[in-house]
Amino acid sequence: MTLATKLVIVIRADLPAAWAANAAAVLALSLGGRLPHPPAADAKDGSGEPHAGLNHHPVPILSASADQLRALYRTVRADGDLITVAFDEVARRARTYDDYVAALAATPADEIHYVAVAAYGPRNRITALTKRFPLYAADAPVTAPPDAPPQESWAVPHRR
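Sequential numbering from 1 applies to the sequence shown in the working numbering.
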């Protein structure tokens, strides 16, 4: 069965695997609370043990540059029929949610560097916005893309 809607998470391509997993989890939890339908019903395995219901959607984890993430977030956010959640460096560096809210309030929009973006909406529109992004690959070389912010404000360590 093909779903009429699609859900994707797009991670900054140079993000280390552990930070990418954290960003994906934060976005999944945040986006899940905004979706118009609950997870599927609970089910039982062949031994009768219960298993919590899962999201109906496959969730591809894609990768993009920092500039592509910014453009994706702005495009999806501007479209009233699509749902988006972004995870940024302000949030990633905060120790508490209150710290995040205070730091975010002091950061101009043009200075926010996105770590990951989740998007949900009609399948054809989400596909059109994300089809050029490859799957996130944790074993891909970690290098700063040409659009990365200066090193002093960018906390992603480089692997050696």
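Beta carbons: idealized from backbone N, C-alpha and C, even for Gly.
Proximity of R125 and L69 at Cβ, strictly below 8 Å: no
Helix, strand or coil at L35 according to DSSP, with G and I counted as helix: coil
Beta strand (DSSP E) runs contained entirely in the region 51 to 139, provided each spans 3 or more residues: 61 to 64, 83 to 88 and 114 to 122
Straight-line Cα distance separating A94 from A102: 9 Å
Beta-carbon contacts of W19 that lie in its chain and below 6 Å, excluding the five residues immediately before and after: none
Selected residue, minimal CA-CA separation from Y120, among A40, D14, H51 and V76: V76
8 Å contact criterion, which D42 and H56 should meet: CB distance rounded: Contact doesn't hold; Cβ gap of about 14 Å is too wide.
Where L7 sits in the DSSP three-state scheme: strand
Residue closest to A40, alpha-carbon to alpha-carbon, out of P58, D79, A66 and A24: P58
DSSP state of A43 mapped onto helix, strand, coil: strand
Length of the line joining the Cα atoms of P36 and N22: 24 Å
Within 8 Å, strictly: CB atoms of Y136 and L72: no
D98 at chain D interface by Cβ criterion, 8 Å: The question asks about chain D, but that chain is absent: this structure has only one protein chain.
For L7 and R34, the rounded distance between their alpha carbons: 12 Å
Cβ distance (whole Å) where A118 is taken to contact L31 below 8 Å: 4 Å
Residues of its chain near K44, where Cβ-Cβ distance is below 6 Å and the 5 sequence neighbours each way are ignored: P50
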